[in-house]
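Asker: Provided herewith is a single structure, encoded as structure tokens, for subsequent inquiry.
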């Protein structure tokens with residue numbers, strides 16, 4: 439198939455683009471490089487540097503080639519920042535996604551795979567399944583939910599086949615591929631930067647949550663497992679017209695547990711500073727991935743926090759400046 443991968447110079451998008459190429463697909467990466475890295479675009483992919491808000495570039499891209507599918511990863515991802523700059527997130531994450539969906543329909547794209555998030559859900563003491571109550575606690579999650587709703591209506595009105603993957607905290611690394619955000623605010627790469635001496639201390643936002651150690655609990659999903667879920671969903675859209683799956687390990691780890699595991703893996707002290715709760719954070723978000731396991735035969739291969747952190751530590755020590 440010919441596949442357009444938006445955000446294909448980013449962490450998850452580039453890894454998925456590489457897997458698509460390895461599976462024999464023709465891949466075009468469309469990325470503004472605002473947060474992505476040109477060096478992350480896999481060899482063999484055609485690259486277009488453009489923003490999704492550039493309607494001319496987008497229309498030209500989708501009309502010069504006839505694509506069988508779009509896989510959409512392009513978005514701002516910082517939940518905390520979304521509570522400070524909501525308009526920026528609504529424009530980039532929702533308006534630009536709407537532009538892409540509309541143009542995909544106009545140019546006859548049959549399949550659309552959307553990179554969504556667990557942030558569309560309310561916090562829950564129980565593992566979250568696809569029918570759990572929705573209720574984003576931050577603008578980031580709201581923009582993803584709005585895009586999901588747009589896809590539902592475009593499917594109903596125009597018949598576009600789509601898959602939504604609501605994944606939890608993507609983490610870990612593959613050979614030659616890891617997290618390289620600037621600035622870095624995600625917990626695992628942040629604590630590993632501290633272990634490397636590139637940052638001073640880790641921040642814990644909130645120590646009074648109703649959890650065993652008072653800090654937020656999250657489900658961490660290895661990037662390799664996330665990539666395999668995307669490829670399975672893409673293939674399933676040949677026979678099915680709409681899919682929504684949670685993609686997570688089914689295990690939850692607190693902020694303190696992640697930091698303690700990082701200390702063990704790296705052998706380095708990782709100082710922490712505690713702050714009050716941060717707007718937009720949920721107490722507990724852990725997946726129930728039973729639906730995707732049952733329907734697509736997917737299963738995580740790297741659910742151990744030790745394995746996830748070890749792979750990430752290998753990436754950071756071999757790429758101390760990221761993709762530079």
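In this note's numbering, the protein residues as written are 439 to 762.
All residues carry an ideal CB built from backbone N, CA and C; glycine is no exception.
(1) So residue 693 packs on residue 642, CB below 8 Å; how close in whole Å?
(2) So the candidates are 599, 568, 557; which of them puts its Cα closest to the Cα of residue 574?
(3) Can you tell me which of 640, 487, 618, 491 puts its alpha carbon nearest to the alpha carbon of residue 706?
(4) Can the beta-carbon of residue 623 be found closer than 9 Å to that of residue 658?
(5) Please state if the CB of residue 632 and the CB of residue 609 are separated by a distance shorter than 9 Å.
(6) Our contact map puts residue 637 next to residue 730 with C-beta atoms below 8 Å; I'd like the distance itself, whole angstroms only.
(7) Which stretch, first to last residue, makes up the beta strand (DSSP E) that contains residue 481?
(8) Mind reading off the beta-carbon distance from residue 699 to residue 751? Whole number of angstroms is fine, and I expect it under 8 Å.
(9) When the distance is taken between beta carbons, is residue 674 closer than 9 Å to residue 601?
(10) Which class does residue 713 belong to by DSSP, given the choice of helix, strand or coil?
(11) Quick test of your reading: residue 486 and residue 505, contact by CB under 8 Å. State the CB separation rounded to the nearest angstrom.
(12) Can you tell me whether residue 572 is buried or exposed? The criterion is at least 16 other CB atoms within 10 Å of its CB, across all chains shown.
(13) What three-state label does DSSP hand residue 489 in the structure shown?
(14) Could you give the distance in angstroms between the alpha-carbon of residue 534 and the alpha-carbon of residue 713?
(15) Please report how far the alpha carbon of residue 466 lies from the alpha carbon of residue 491, in whole angstroms.
(16) Under the rule that 16 or more other beta-carbon atoms within 10 Å means buried, what is residue 474, buried or exposed?
(17) Note down the Cα distance separating residue 542 from residue 500, rounded to an integer number of angstroms.
(18) Run the CB neighbour count on residue 502, radius 10 Å, all protein chains shown included, and call it buried at 16 or more, exposed below.
(19) If you follow the alpha helix (DSSP H) that residue 449 is part of, which residue opens it and which one closes it?
(20) The beta strand (DSSP E) that contains residue 810, what's its start and end?
(21) By DSSP, does residue 679 sit in helix, in strand, or in coil?
(22) Going by CA-CA distance only, name the one from 709, 761, 443, 746 that's closest to residue 552.
(23) Check residue 515 in the structure and name its three-state DSSP category.
(24) So the candidates are 507, 585, 448; which of them puts its Cα closest to the Cα of residue 480?
(25) Please report the Cβ distance between residue 684 and residue 566, rounded to the nearest whole angstrom; I am assuming they are in contact, meaning their Cβ atoms lie under 8 Å.
(26) Hey, residue 741 and residue 660: beta-carbon distance below 9 Å or not?
(27) Using only alpha-carbon positions, find the residue among 458, 478, 651 that is nearest to residue 757.
(28) Give the range of the beta strand (DSSP E) segment to which residue 440 is assigned.
(29) Using the C-alpha atoms, what's the distance from residue 628 back to residue 635?
(30) Could you tell me the alpha carbon to alpha carbon distance between residue 508 and residue 663, rounded to whole angstroms?
(31) Using alpha carbons as the reference points, say which of 611, 589, 545 lies closest to residue 498.
(32) If you reduce the DSSP assignment to three classes, tell me which class residue 475 lands in.
Answerer: Concretely, from the data shown:
(1) Contact check for residue 693 and residue 642: beta-carbon distance about 5 Å, within the 8 Å limit, so the pair qualifies.
(2) Among 599, 568, 557, the Cα nearest to that of residue 574 belongs to 557.
(3) Out of 640, 487, 618, 491, 640 has the C-alpha closest to the C-alpha of residue 706.
(4) No; because the gap between Cβ atoms is not below 9 Å, this pair is not in contact.
(5) For residue 609 and residue 632, no; Cβs fall outside 9 Å.
(6) In fact, because the Cβ distance is near 35 Å, the residues do not count as touching under 8 Å.
(7) Element bounds for residue 481: n/a, residue is neither H nor E.
(8) Not really, about 10 Å apart at Cβ, beyond 8 Å.
(9) Taking C-beta atoms as the reference points, residue 601 and residue 674 count as a pair closer than 9 Å.
(10) Here DSSP, grouped into helix, strand and coil, assigns residue 713 to strand.
(11) Not a contact, Cβ separation roughly 12 Å.
(12) It counts as exposed.
(13) In this structure, residue 489 counts as coil in the three-state DSSP scheme.
(14) If you take the alpha carbons of residue 534 and residue 713, they lie about 34 Å apart.
(15) In this structure, the CA atom of residue 466 is about 18 Å from the CA atom of residue 491.
(16) It is buried - the Cβ of residue 474 has at least 16 other Cβ atoms within 10 Å.
(17) Each residue's alpha carbon lies about 7 Å from the other.
(18) Taking every protein chain shown into account, the CB of residue 502 has fewer than 16 other CB atoms within 10 angstroms, so this residue is exposed.
(19) Following the DSSP letters along the chain, one finds residue 449 inside the alpha helix (DSSP H) bounded by residues 449-460.
(20) Residue coverage of the chain in this structure runs from 439 to 762, which leaves residue 810 outside it and unanswerable.
(21) Here residue 679 carries a coil assignment [DSSP, helix/strand/coil].
(22) Comparing Cα positions, the closest option is 443.
(23) Coil, per DSSP.
(24) For the residues 507, 585, 448, the minimum Cα distance to residue 480 belongs to 448.
(25) Right, the Cβ-Cβ distance comes to about 6 Å (below 8 Å), so this counts as a contact.
(26) Judged by beta-carbon spacing, residue 660 lies within the 9 Å limit of residue 741, meaning their Cβ atoms are closer than that value.
(27) Each of 458, 478, 651 was checked against the Cα of residue 757, and the nearest Cα belongs to 478.
(28) In the DSSP annotation of this structure, the continuous segment of the beta strand (DSSP E) that includes residue 440 starts and ends at 440-444.
(29) Roughly 11 Å separates the two Cα atoms.
(30) Counting only the Cα atoms, residue 663 lies some 20 Å from residue 508.
(31) Minimum Cα distance to residue 498 is reached at 545.
(32) In the structure shown, residue 475 sits in coil (DSSP, three-state: anything other than H, G, I, E or B).
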